[in-house]
Structure formats: C-alpha cells, structure tokens
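Q: Under this note's numbering, think of the first position of the sequence shown as 2, with each following residue one higher.
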Amino acid sequence: MAPRPVVEDRTLASPNAPERKKKLWSVVRVSSGNFLEMYDFMVFGYYASAIGATFFPSGIPFVSLMLSLMTFGAGFLMRPLGAIVLGAYTDVHGRRKGLILTLTLMSFGIVTIACTPGYATIGVRAPILVVLGRLVQGFSAGMELGGVSVYLSEIATPGHKGFYVSWQSASQQVAVMFAALLGVALTFVLPAPKMTAWGWRIPLLLGCAIIPFLFVLRRSLAETEEFNARKHKPSVSEIFRSLRANWIIILIGMMLVTMTTVSFYMITAYTPTFANSVLHLAAMDGLIVTLCVGASNLFGFP
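1) Could you give the first and the last residue of the continuous alpha helix (DSSP H) run that contains residue 154?
2) Is the stretch 290-298 in contact with the stretch 170-184, if contact means three or more CB pairs nearer than 8 Å?
3) So, helix, strand or coil for residue 279, using DSSP?
4) Looking at residue 291: is its Cβ nearer than 9 Å to the Cβ of residue 262?
5) Excluding the five sequence neighbours on either side, which residues of its own chain have a C-beta within less than 7 Å of the C-beta of residue 104, listed in chain order?
6) Return the chain-ordered list of same chain residues with a C-beta closer than 7 Å to the C-beta of residue 144, the five sequence neighbours on each side being excluded.
7) By DSSP, does residue 57 sit in helix, in strand, or in coil?
8) Assuming contact is defined by CB atoms lying nearer than 9 Å, are residue 274 and residue 106 in contact in what I supplied?
9) Taking the Cβ atom as the reference point for each residue, do residue 72 and residue 128 lie within a distance shorter than 9 Å?
10) Assuming contact is defined by CB atoms lying nearer than 9 Å, are residue 78 and residue 153 in contact in what I supplied?
11) So, are the CB atoms of residue 203 and residue 187 less than 9 Å apart?
12) Looking only at its chain, what residues have a beta carbon closer than 7 Å to the beta carbon of residue 119, apart from the 5 residues adjacent to it on each side?
13) Near residue 221, which residues of its chain fall below 7 Å by C-beta distance, leaving aside the five closest residues on each side in sequence?
14) Could you have a look at residue 230 and say whether DSSP puts it in helix, strand or coil?
15) Taking buried to mean at least 16 other C-beta atoms within 10 Å of its own C-beta, is residue 14 buried or exposed?
16) Give the DSSP-derived three-state secondary structure of residue 15 in the structure shown.
17) Is DSSP giving residue 113 helix, strand or coil here?
18) Between which residues of its own chain and residue 115 is the CB-CB distance below 8 Å, once the five residues before and five after are set aside?
19) Starting from the C-beta of residue 147, find all residues in its chain whose C-beta is less than 8 Å away, skip the five residues before and the five after it, and write them out in chain order.
20) What are the boundary residues of the alpha helix (DSSP H) that includes residue 182?
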C-alpha cells in the first residue's frame with residue numbers, strides 16, 4: 002500500500018521554482034507508465050468473471066473464474082525473470098531506455114488482451130493469446146516497479162528520496178481508484194449482460210488509447226545524472242555474479258514483500274470478484290468498496 006508522502010517533504014526539492022517544476026514534471030512522466038501497468042492489472046482483476054466467460058467458457062462459472070484468476074496470477078511468475086533480465090538491461094543501457102522498453106512490453110500485453118476475440122470466435126487461440134499477453138505484462142512489471150523507484154530515487158534531491166520514491170506506490174493507488182471509478186460509471190450505464198459480453202473491454206481499450214501519450218511522456222525523459230556520472234557500467238555477467246553472491250539478501254527481500262503484495266491484490270484486484278461471487282453484492286457496490294480502499298491507501302486514512 003502507498004506510503005503517505007510526509008508533509009515536510011512537500012518542497013519537491015529545490016528553493017528554485019523552475020527547478021521544482023521540472024522535478025515535479027519528471028515525477029509525473031516517470032510514474033505515468035507505472036499507472037498504466039497497475040491500471041491494467043486492476044481491470045483484469047475487476048472483470049475476472051467476464052474475462053473467464055469470454056476466454057475460458059466451461060459451462061461451470063466457478064471453473065471459468067478460476068481459469069481467469071490463474072491467468073491473472075501467471076503474470077506474477079514472470080516478474081522475477083523480468084526483474085533480472087530487464088533490470089540488467091537498464092543497468093547497462095540506462096534508466097530511460099529501460100523504462101521505454103517496459104512500456105513497450107506492457108503495451109503489447111494490454112493490447113493483446115483488449116483486442117483478442119473470444120473463445121467462441123477463434124477457439125483455443127483466444128486463451129493462448131490472453132495468457133501470452135499476461136506473461137508479457139508480468140515480465141515488464143518485474144522491472145517497471147523497481148525501475149520507476151530507482152529513477153525517482155536518482156532524481157531526488159538530498160534528504161527527499163523517500164518522498165520521491167513514494168510516488169511510485171502512490172501512482173498505483175491512483176490506478177486502483179481510476180479503474181474502480183470507471184467501473185462504477187460503466188456499471189451505471191451498461192446492464193450486467195452487456196458488461197459481461199463486451200463492456201469489460203472498454204477500460205482496457207481506454208488503456209490502449211493512452212499508450213501513445215505515455216510514450217511521448219517517457220521519450221521526453223532525461224537520463225538521470227547519477228547514471229550518467231557512473232564510470233563503470235556493469236556487464237551482464239557481473240550482474241549475475243552479484244545476484245549469486247547476494248542471493249540470501251534477495252531471497253529475504255522477496256519474502257518480506259510477499260505479504261504486502263498478497264494483501265494489496267487481495268483488497269484491491271480481488272475485492273469486486275469476492276463481493277459479487279461470494280458476498281453476492283451488486284457489481285457497483287463492490288467497485289465502490291474498491292474505490293474507497295484505493296483512496297484509503299493513497300491518503301492514509303486510518
């Protein structure tokens with residue numbers, strides 16, 4: 002969940018107003034792709050039942066839902082691999098190029114899922130393409146979250162690293178709220194059968210529509226001064242040697258974030274499905290609850 006930016010850090014860096022504005026704009030540009038990544042994850046989770054009925058029809062709604070959620074979870078299996086491969090690329094070629102590459106990969110994933118015809122139209126190719134899209138998304142997410150954090154840390158002014166990096170997590174909560182708010186609006190406008198048939202694609206297509214704008218923002222990013230100042234760029238073999246030498250620390254770190262990650266997706270991405278399938282609440286009620294959860298995470302309400 003997003004750490005609430007502390008009040009004393011709200012200078013966004015510098016006594017110089019133009020420099021402050023430049024830093025703020027950099028934060029917005031680098032966090033925008035992170036917003037899209039999380040937005041797409043949330044939309045898939047919110048409409049898991051409809052996606053299951055479209056791509057994994059089985060005659061048993063529970064089985065279709067489980068296959069959809071398994072596809073959602075498959076993306077997480079690729080995160081460690083994406084972190085290693087794309088992280089190594091970023092350490093060698095620069096933060097800016099790494100973030101543009103991850104945006105390219107996540108764009109492929111969201112477009113694939115949004116535009117793939119259902120099982121009834123193209124048969125078994127439909128679920129295969131959707132799973133492939135999720136795997137690519139997970140692969141890109143492995144570097145996106147860490148890459149954004151590193152970039153924000155390297156552009157931060159002295160004494161404000163925590164404040165800058167917190168916007169990576171804050172952008173996730175904005176995505177949760179935006180996806181939930183859009184879901185509430187669609188549920189209000191479209192009846193349930195239409196939402197299940199094709200309405201769930203609208204949020205994904207909206208995500209596709211903003212991709213060109215996000216590319217413009219990321220391409221305008223400047224490489225961080227800290228990266229440019231480095232005399233030595235690690236080779237791939239050096240990076241893997243470092244991973245091997247510090248595997249215990251890496252394993253402990255992964256274990257520490259597991260509970261946070263599981264809890265985060267449980268109270269955000271899974272909430273609408275749980276509300277509808279288990280508690281038998283109306284779709285709008287589940288999305289309103291999710292919207293409140295995102296607001297609580299972002300603003301730090303007790």
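C-beta atoms are modelled at their ideal positions from N, C-alpha and C, and glycine is treated no differently.
A: In this structure, then:
1) 126-156
2) yes
3) coil
4) no
5) 34, 215, 216 and 219
6) 83, 84, 87, 88, 91, 99 and 103
7) Residue state, collapsed to three classes: coil.
8) no
9) yes
10) no
11) yes
12) 55, 56 and 127
13) 30
14) coil
15) Because the pLDDT at residue 14 is just 44, under 50, the model does not fix this residue reliably, and the point stays unresolved.
16) Residue confidence is low: residue 15 scores 47 on pLDDT, short of 50, so the model does not pin down where it sits. Its coordinate-derived value is still stated next. Three-state DSSP puts residue 15 in coil, outside helix and strand.
17) If DSSP states are grouped into helix, strand and coil, residue 113 belongs with the helices.
18) Around residue 115: 202, 205, 206, 208 and 209.
19) 84 and 88
20) 162-190
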